[in-house]
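What follows is one structure encoded as structure tokens, with my remarks underneath.
There are 2 protein chains.
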Amino acid sequence: MTYCVALRLQDGMVFAGDTRTNAGIDHISTFKKLYTFGKDGERSIMLLTSGNLATSQAVVKMLENGILQGTEPNLLDVPTLFDAAQLVGDLVSKVARTTQTRAYTQEGFGSNFLLGGQIKGQQTELYHIYSEGNCINATEDTPYLQIGEAKYGKPILDRSLNYRSSLEDAVRAVLVSFDSTIRSNLSVGFPIDLIVYRNDTYTMPAGIRVTENEPYMNNIRSQWSAGLKAILQQFEEPPADYFR
Amino acid sequence: MTYCVALRLQDGMVFAGDTRTNAGIDHISTFKKLYTFGKDGERSIMLLTSGNLATSQAVVKMLENGILQGTEPNLLDVPTLFDAAQLVGDLVSKVARTTQTRAYTQEGFGSNFLLGGQIKGQQTELYHIYSEGNCINATEDTPYLQIGEAKYGKPILDRSLNYRSSLEDAVRAVLVSFDSTIRSNLSVGFPIDLIVYRNDTYTMPAGIRVTENEPYMNNIRSQWSAGLKAILQQFEEPPADYFR
Numbered sequence: 001m002t003y004c005v006a007l008r009l010q011d012g013m014v015f016a017g018d019t020r021t022n023a024g025i026d027h028i029s030t031f032k033k034l035y036t037f038g039k040d041g042e043r044s045i046m047l048l049t050s051g052n053l054a055t056s057q058a059v060v061k062m063l064e065n066g067i068l069q070g071t072e073p074n075l076l077d078v079p080t081l082f083d084a085a086q087l088v089g090d091l092v093s094k095v096a097r098t099t100q101t102r103a104y105t106q107e108g109f110g111s112n113f114l115l116g117g118q119i120k121g122q123q124t125e126l127y128h129i130y131s132e133g134n135c136i137n138a139t140e141d142t143p144y145l146q147i148g149e150a151k152y153g154k155p156i157l158d159r160s161l162n163y164r165s166s167l168e169d170a171v172r173a174v175l176v177s178f179d180s181t182i183r184s185n186l187s188v189g190f191p192i193d194l195i196v197y198r199n200d201t202y203t204m205p206a207g208i209r210v211t212e213n214e215p216y217m218n219n220i221r222s223q224w225s226a227g228l229k230a231i232l233q234q235f236e237e238p239p240a241d242y243f244r
Numbered sequence: 001m002t003y004c005v006a007l008r009l010q011d012g013m014v015f016a017g018d019t020r021t022n023a024g025i026d027h028i029s030t031f032k033k034l035y036t037f038g039k040d041g042e043r044s045i046m047l048l049t050s051g052n053l054a055t056s057q058a059v060v061k062m063l064e065n066g067i068l069q070g071t072e073p074n075l076l077d078v079p080t081l082f083d084a085a086q087l088v089g090d091l092v093s094k095v096a097r098t099t100q101t102r103a104y105t106q107e108g109f110g111s112n113f114l115l116g117g118q119i120k121g122q123q124t125e126l127y128h129i130y131s132e133g134n135c136i137n138a139t140e141d142t143p144y145l146q147i148g149e150a151k152y153g154k155p156i157l158d159r160s161l162n163y164r165s166s167l168e169d170a171v172r173a174v175l176v177s178f179d180s181t182i183r184s185n186l187s188v189g190f191p192i193d194l195i196v197y198r199n200d201t202y203t204m205p206a207g208i209r210v211t212e213n214e215p216y217m218n219n220i221r222s223q224w225s226a227g228l229k230a231i232l233q234q235f236e237e238p239p240a241d242y243f244r
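Top to bottom, those sequences are chains B and Z. According to UniProt numbering, the first sequence is numbered sequentially starting from 1. According to UniProt numbering, the second sequence is numbered sequentially starting from 1.
Below, the structure is given as structure tokens:
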């Protein structure tokens, strides 16, 4: 399993993905699921992957080779981010269907992707691309998209973020969202890859790999846990009719 | 969908279930999912249901008729709660399989149940009964069990409760768990049926139906929401290397 989340906010974007993959609980590995593609001063594209690892890695490899070999279209020459999302959609549907046909099975070999970034002169955009090759994009009403094991970490995002949230607040909420997911699901694990992109910079941020013992993450985890317990303690006693 | 949770703690038990059922998003109704069976001074049994409504209602009706008609075994004469769980398991697997056979389909018509309570002279017990008729029981290490849309409301239970938690703290955490679920999933809705059973009382608690506008629930919802935002605000700024 996997947990990835991306946000498109007023001031920029945040991308975060865990690094655990598993095929059964006794075959767990660490794989990067956050990839970047860019041309300094012209475009920055971030890609998060989930689902079948063979499929998602094949798609990423094809995207990378397309750039190296100058195949058209490729991520560095598509005119818009919608075209970039279409390109990823074409590749994933092709790869997944080929594997399915070879395997003589109805079972899917799908992957899901979050793709976002900015091309010079255009606004930032964020897409969720499905195995079937189609996609949806984030709007001001729904500024974040998730793939993988999304449910445990969704409530805190729903409660604390909106399009006008600062990038700093977004990073805090994203780390808490990962903490909740990692505590509740063994198949999502540290380290977390995280990239913050500020509007109109058109440079590829280096990003950070947040380990379990990274001091800021550690502070957040312990403050969050203590804070939640404190709120619960501050609630007044439930009224007597709750215990009738 | 449904969300039900039950806890078996040092001092007693808590049972809570929402009341929304849906067959597609345009067919939403309110149905009770929390049932009680008891003999004052001798036994108290609480039952929560999820899954296919026709199956779960058939099982409940058979349990009720069994008691009225004195069929053996029935919930008021089984010697242990494990036997009660086996009885529910026998009925649900029979009902689900019959429907499936009639429908000429592989698709399941299953329901899941949480059954718990106390029989005089015995300890409290709590079981999760699956469609297949088998069951697991809660232990001191894992004092709570969930059925239905469990993920959104799981993190707060994992963080805040253990076997030695008070029944008051358990009620607070359960209400927050429902609030998180209801905010994130349209198919889970108010009102919430809630029953608190104190060890060795052997009487059937009246319980309470918690509506959306019930004052205590309202306080908890707004205090929780404000409290979470306050914790996030109190986190120090993420370090500069998060924004490289």
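For every residue, glycine included, the Cβ atom is placed at its ideal position computed from N, Cα and C.
Hey, Thr99 (chain Z) and Phe109 (chain Z): beta-carbon distance below 9 Å or not?
-> In the second sequence, residue 99 (chain Z) corresponds to position 99, counting from 1. In the second sequence, residue 109 (chain Z) corresponds to position 109, counting from 1. Closer than 9 Å, so yes.
In chain order, what residues of the stretch 232 to 244 of chain B put their CB closer than 9 Å to some CB of chain Z?
-> Leu232, Gln233, Gln234, Phe235, Glu236, Glu237, Pro238, Pro239, Asp241, Tyr242, Phe243, Arg244
If you count every other CB in all the chains shown that lies within 10 Å of the CB of Pro143 (chain B), and 16 or more means buried, which is it?
-> As a first step, residue 143 (chain B) must be located in the first sequence, where it is residue number 143. Buried is the call here.
Could you tell me whether any Cβ in chain B is nearer than 9 Å to the Cβ of residue 280 (chain Z)?
-> The requested residue 280 (chain Z) does not occur in the structure, where chain Z is confined to residues 1 to 244.
Beta strand (DSSP E) containing Ala6 (chain B): first to last residue?
-> Indexing the first sequence from 1 puts residue 6 (chain B) at position 6. That run of the beta strand (DSSP E) goes 3 to 9.
Just checking, does the stretch 83 to 91 of chain Z make contact with the stretch 13 to 22 of chain Z on the three C-beta pairs under 8 Å criterion?
-> Contact fails: fewer than three Cβ-Cβ distances are below 8 Å.
Spell out the partners DSSP gives Asp36 (chain Z) in its beta bridges.
-> Here residue 36 (chain Z) refers to the residue found at position 36 when the second sequence is read from its first residue. Looking at the sequence itself, residue 36 (chain Z) is Thr, so the reference to Asp does not match. DSSP lists Z:Met46 as partners of Thr36 (chain Z).
Between Ser160 (chain B) and Leu228 (chain Z), which are expected to be in contact by the criterion C-beta below 8 Å, what is the C-beta distance as a whole number of angstroms?
-> Looking up residue 160 (chain B) in the first sequence gives position 160. Looking up residue 228 (chain Z) in the second sequence gives position 228. About 6 Å; that satisfies the 8 Å criterion.
The beta strand (DSSP E) enclosing Tyr144 (chain Z), as first and last residue numbers = Start at 1 with the first residue of the second sequence, and residue 144 (chain Z) comes out as number 144. It spans 144 to 148 - the beta strand (DSSP E) in which Tyr144 (chain Z) sits, taken as one unbroken run.
Is Val174 (chain B) closer than 9 Å to residue 248 (chain B) when the C-beta atoms are compared?
-> Outside the modelled stretch of chain B, which goes from 1 to 244, sits residue 248 (chain B), for which no answer is possible.
Proximal residues of chain Z, C-beta to C-beta of Ser225 (chain B) below 7 Å | Counting from 1 along the first sequence, the entry for residue 225 (chain B) is found at position 225. In chain order: Arg159.
Between the Cα of Leu115 (chain Z) and the Cα atoms of Z:Asn199, Z:Ala150, Z:Tyr130, Z:Thr201, which residue gives the shortest distance?
-> Counting from one through the second sequence, the residue named residue 115 (chain Z) turns up at place 115. The alpha carbon of Leu115 (chain Z) has as its nearest neighbour, out of Z:Asn199, Z:Ala150, Z:Tyr130, Z:Thr201, the alpha carbon of Z:Tyr130.
Would you list, in sequence order, the uninterrupted beta strand (DSSP E) runs of no fewer than 3 residues that lie entirely inside the stretch 196 to 243 of chain Z?
-> 208 to 210
Gly38 (chain Z) and Asn199 (chain Z) closer than 9 Å at C-beta | For the purposes of this step, residue 38 (chain Z) is taken as residue 38 along the second sequence, with counting starting at 1. For the purposes of this step, residue 199 (chain Z) is taken as residue 199 along the second sequence, with counting starting at 1. Not a contact, by the Cβ cut-off of 9 Å.
Just reading off the alpha helix (DSSP H) that Leu81 (chain Z) is part of, what are its end residues?
-> The residue given as residue 81 (chain Z) occupies position 81 in the second sequence. Element bounds for Leu81 (chain Z): 81 to 102.
Apart from the five residues just before and just after Tyr216 (chain B), which ones in its own chain have a Cβ nearer than 6 Å to its Cβ?
-> Taking the first residue of the first sequence as position 1, residue 216 (chain B) is located at position 216. For Tyr216 (chain B), where only same-chain residues beyond five positions count, there are no Cβ hits under 6 Å.
Within 9 Å, strictly: CB atoms of Thr80 (chain Z) and Gln122 (chain Z) = Along the second sequence, one-based indexing puts residue 80 (chain Z) at 80. Along the second sequence, one-based indexing puts residue 122 (chain Z) at 122. Result yes, Cβ atoms of Thr80 (chain Z) and Gln122 (chain Z) sit closer than 9 Å.
The stretch 148 to 155 of chain Z / the stretch 170 to 185 of chain B touching (three or more Cβ pairs under 8 Å) | Touching, per the Cβ criterion.
What residue ranges within the stretch 123 to 167 of chain Z form continuous beta strand (DSSP E) runs of no fewer than 3 residues, ordered along the chain?
-> 125 to 129, 135 to 137, 144 to 148
What is the DSSP secondary structure of Gln112 (chain B), counted as helix, strand or coil?
-> Position 112 of the first sequence, counted from the first residue, corresponds to residue 112 (chain B). Per the sequence presented here, residue 112 (chain B) reads as Asn, with Gln not at that position. In this structure, Asn112 (chain B) counts as strand in the three-state DSSP scheme.
Taking Cβ to Cβ, would you say Ile195 (chain Z) is nearer than 9 Å to Thr2 (chain Z)?
-> By 1-based counting over the second sequence, the position of residue 195 (chain Z) is 195. By 1-based counting over the second sequence, the position of residue 2 (chain Z) is 2. No. Outside cutoff.
What residues from chain Z crowd round Pro155 (chain B), counting only those whose CB sits closer than 7 Å?
-> As a working mapping, residue 155 (chain B) is identified with position 155 in the first sequence. Correct list: Tyr152, Ser180, Arg183, Ser184.
Report all residues from its chain with a CB closer than 6 Å to the CB of Tyr127 (chain B); omit the five preceding and five following residues, and keep chain order.
-> Position 127 of the first sequence, counted from the first residue, corresponds to residue 127 (chain B). Taken in chain order, the residues that qualify are Ala85, Leu115, Cys135, Asn137.
With DSSP run on the structure shown, which of helix, strand or coil describes residue 253 (chain B)?
-> The question about residue 253 (chain B) has no answer here: the residues shown for chain B are numbered 1 through 244.
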